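Residue numbers (UniProt numbering): 1 to 352. Glycine included, every Cβ here is placed at the ideal spot set by N, Cα and C. Here the structure is a predicted model, which means the values were calculated and not measured.
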């Protein structure tokens with residue numbers, strides 16, 4: 001592991017429950033030590049982000065005791081944090097330690113008593129609004145999580161940030177891959193890139209789960225095969241039927257290749273974001289709608305379930321959605337899809 005010439009870094013290695021070893025970097029030692037990095041972070045040792053995090057934590061040599069920063073540090077070392085999915089942990093770290101608008105940047109030096117004052121709500125909302133959009137909502141949600149943790153641990157006496165409504169409203173329910181766009185991508189993109197989108201369309205899995213999908217997740221059934229995988233975000237066991245197209249993907253996978261999705265060199269992608277980046281790159285090269293993303297394949301997968309005769313509740317359960325969100329996706333698809341409109345018309349005519 002790379003070393004940098006910064007004084008005052010305390011390196012601690014801890015073994016996790018799954019046997020992996022994680023290295024944590026602190027400024028100083030003891031209970032007042034400020035943690036600013038660990039080996040699960042996307043930031044590399046010696047990078048500007050790493051040095052900036054060190055500099056912020058070492059500022060004025062201030063200990064964390066008595067400050068809101070102590071809540072952040074204790075939360076990061078707790079099971080409340082370590083039991084979370086890796087992607088959630090990564091998102092939280094970015095919220096905590098973002099150089100411009102992170103929670104530690106804004107509130108880390110604040111005394112704990114400041115959070116017992118009802119005026120903290122206005123300050124937090126002003127901070128959220130200045131960041132804006134979904135990112136602002138994420139920041140305030142993570143701040144709420146920290147305050148709730150501090151309240152449970154008797155570090156804070158009151159929670160003045162409860163029941164804050166989100167500002168950002170996603171409209172992704174209106175966006176999905178149409179059949180002609182899927183065909184254009186299939187015929188124009190390299191095979192290893194097409195497999196990313198194809199498997200997403202066939203399974204409805206999120207990018208994080210797609211990146212981990214392997215032969216070990218394929219199980220026999222009385223009449224075929226199914227995919228059984230613990231999803232990263234919701235920690236639920238998904239059971240997904242292997243369609244004819246998915247079966248072709250599995251058959252075409254080289255015998256020595258365990259992961260179903262790999263890059264051009266035959267190596268698994270190191271991060272789930274790379275899957276979406278690869279699809280977006282070829283989407284642009286093929287002049288397909290720029291608003292489409294890999295994640296939108298989930299909506300398309302849901303509509304395919306509808307066309308196969310699945311009921312709304314079955315679709316919601318399969319996709320891990322609420323009934324309301326599933327209905328929004330399906331309603332939009334029916335409005336835009338000529339095929340579905342014709343199908344509904346045929347069913348109505350048959351009843352007359």
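Worksheet item: What is the rounded straight-line gap between the Cα of residue 267 and the Cα of residue 153?
Response: Locating residue 267 in the chain shown gives position 267, counting from the first residue. Locating residue 153 in the chain shown gives position 153, counting from the first residue. Cα-Cα distance, rounded: 44 angstroms.
Worksheet entry | Bridge partner(s) assigned by DSSP for residue 124 | Position 124 of the chain shown, counted from the start, is the residue given in the question as residue 124. Answer by DSSP bridge pairing: none, since residue 124 is not bridged.
Item to complete: State the Cα-Cα distance for the pair residue 1 and residue 218, rounded to the nearest angstrom.
Response: Here the question's residue 1 lines up with position 1 in the chain shown. Here the question's residue 218 lines up with position 218 in the chain shown. Any reading at residue 1 is ruled out, since the residue's pLDDT is 45, under 50, leaving its predicted position unreliable.
Worksheet item: What residues match up with residue 22 in a beta bridge as DSSP calls it?
Response: Taking the first residue of the chain shown as 1, we reach residue 22 at position 22. In the DSSP output, where bridge partners are listed per residue, residue 22 has 14.
Worksheet item: Cα-Cα, which of 318, 308, 299, 317 is closest to residue 330?
Response: Sequence index remark: in the chain shown, residue 330 carries index 330 (1-based). Considering only alpha carbons, the answer is 299.
Worksheet item: Would a C-beta distance cut-off of 7 angstroms place residue 261 and residue 201 closer than the cut-off?
Response: Mapped onto the chain shown, residue 261 falls at position 261. Mapped onto the chain shown, residue 201 falls at position 201. Not a contact, by the Cβ cut-off of 7 angstroms.
Discussion item. Can you tell me whether residue 310 is helix, strand or coil according to DSSP?
Written reply: The residue you call residue 310 lines up with position 310 of the chain shown. Three-state DSSP puts residue 310 in coil, outside helix and strand.
Practice prompt. Let me know the secondary structure DSSP gives residue 184 once reduced to three states.
Written response: Along the chain shown, read from residue 1 onward, the residue named residue 184 stands at position 184. Three-state result, residue 184: helix.
Fill in: N-terminal and C-terminal residue of the beta strand (DSSP E) that residue 213 is part of
Taking the first residue of the chain shown as 1, we reach residue 213 at position 213. Segment: none, residue 213 is in no beta strand (DSSP E) and carries neither H nor E.
Item to complete: For residue 14, collect the residues of the same chain with a Cβ closer than 6 angstroms to its Cβ; drop the 5 residues on either side in sequence, then sort them by chain order.
Response: For the purposes of this step, residue 14 is identified with residue 14 of the chain shown, where counting begins at 1. Around residue 14: 22.
Practice prompt. Below 8 angstroms on the Cβ atoms is my guess for residue 110 versus residue 68; work out the distance and round it to an integer in Å.
Written response: In the chain shown, the residue the question calls residue 110 occupies position 110. In the chain shown, the residue the question calls residue 68 occupies position 68. Confirmed, about 5 angstroms.
Worksheet item: Per DSSP, residue 239 is paired with what?
Response: For the purposes of this step, residue 239 is taken as the residue at position 239 of the chain shown. Per DSSP, 228.
Item to complete: Alpha carbon to alpha carbon, how far is residue 56 from residue 121? Give it in angstroms, no decimals.
Response: Here residue 121 refers to the residue found at position 121 of the chain shown. Here residue 56 refers to the residue found at position 56 of the chain shown. Going from the Cα of residue 121 to the Cα of residue 56 covers about 25 angstroms.
Worksheet entry | Same chain, Cβ closer than 7 angstroms to residue 321, neighbours up to 5 away in sequence not counted | Within the chain shown, residue 321 is the residue found at index 321, counting from 1. Cβ neighbours of residue 321 beyond the five flanking positions: none.
Fill in: Distance, residue 270 Cα to residue 232 Cα
In the chain shown, residue 232 corresponds to position 232, counting from 1. In the chain shown, residue 270 corresponds to position 270, counting from 1. Taking the straight line from one Cα to the other gives about 16 angstroms.
Worksheet item: Tell me, which residues are paired with residue 37 by DSSP?
Response: Reading the chain shown from its first residue, position 37 is the one you call residue 37. According to DSSP, which records beta bridges pairwise, residue 37 is partnered with 25.
Worksheet item: Which whole-angstrom value describes the C-beta separation of residue 115 and residue 156, a residue pair presumed to lie in contact below a C-beta threshold of 8 angstroms?
Response: For the purposes of this step, residue 115 is taken as residue 115 along the chain shown, with counting starting at 1. For the purposes of this step, residue 156 is taken as residue 156 along the chain shown, with counting starting at 1. Confirmed, about 5 angstroms.
Discussion item. Classify residue 60: buried if its beta carbon has 16 or more other beta carbons within 10 angstroms, exposed otherwise.
Written reply: As a position in the chain shown, residue 60 is number 60, starting the count at 1. Because the pLDDT at residue 60 is just 49, under 50, the model does not fix this residue reliably, and the point stays unresolved.
Discussion item. My assumption, with CB atoms under 8 angstroms, is that residue 118 sits in contact with residue 159. Please give the rounded CB distance.
Written reply: Working through the chain shown from its first residue, we reach residue 118 at position 118. Working through the chain shown from its first residue, we reach residue 159 at position 159. About 11 angstroms; that fails the 8 angstroms criterion.
Worksheet entry | Sequence-distant residues of its chain with Cβ nearer than 7 angstroms to residue 8 (five each side left out) | The sequence position of residue 8 within the chain shown is 8, counting from 1. The answer, listed in chain order, is 27, 28, 58.
Discussion item. Residue 42 and residue 50 - do their beta-carbons sit closer together than 7 angstroms?
Written reply: Here the question's residue 50 lines up with position 50 in the chain shown. Here the question's residue 42 lines up with position 42 in the chain shown. In this structure, residue 42 does not lie closer than 7 angstroms to residue 50 by Cβ.
Discussion item. Nearest by alpha-carbon distance to residue 12: which of 245, 112, 214, 39 is it?
Written reply: Taking the first residue of the chain shown as position 1, residue 12 is located at position 12. Out of 245, 112, 214, 39, 39 has the C-alpha closest to the C-alpha of residue 12.
Worksheet item: How about residue 297 and residue 177: do their beta carbons lie closer than 7 angstroms?
Response: For the purposes of this step, residue 297 is taken as residue 297 along the chain shown, with counting starting at 1. For the purposes of this step, residue 177 is taken as residue 177 along the chain shown, with counting starting at 1. Yes, Cβ-Cβ distance for residue 297 and residue 177 is below 7 angstroms.
Worksheet item: CB residue 143 to CB residue 175, shorter than 7 angstroms?
Response: Here residue 143 refers to the residue found at position 143 when the chain shown is read from its first residue. Here residue 175 refers to the residue found at position 175 when the chain shown is read from its first residue. For residue 143 and residue 175, no; Cβs fall outside 7 angstroms.
Worksheet item: In terms of alpha-carbon separation, which member of 76, 181, 25 lies closest to residue 285?
Response: As a working mapping, residue 285 is identified with position 285 in the chain shown. Of 76, 181, 25, the residue nearest in Cα terms is 181.
Worksheet item: Comparing alpha-carbon positions, which option in 263, 276, 318 lies nearest residue 230?
Response: Position 230 of the chain shown, counted from the first residue, corresponds to residue 230. Answer by Cα proximity: 318.
Worksheet entry | Cutoff 6 angstroms; reference residue 237; Cβ partners in own chain excluding five residues on either side | Along the chain shown, read from residue 1 onward, the residue named residue 237 stands at position 237. So the list reads 230, once near-sequence residues are dropped.
Fill in: Delimiting residues of the beta strand (DSSP E) encompassing residue 220
Taking the first residue of the chain shown as 1, we reach residue 220 at position 220. Taken as a continuous stretch (DSSP letters only), the beta strand (DSSP E) holding residue 220 covers 218–221.
Item to complete: Mark residue 16 as exposed unless 16 or more other C-beta atoms lie within 10 angstroms of its C-beta, in which case mark it buried.
Response: For the purposes of this step, residue 16 is taken as the residue at position 16 of the chain shown. Flag for residue 16 reads exposed.
Worksheet item: Residues bridged to residue 179 by DSSP?
Response: Within the chain shown, the letter at position 179 stands for residue 179. For residue 179, which the question treats as bridged, DSSP gives no partner whatsoever.
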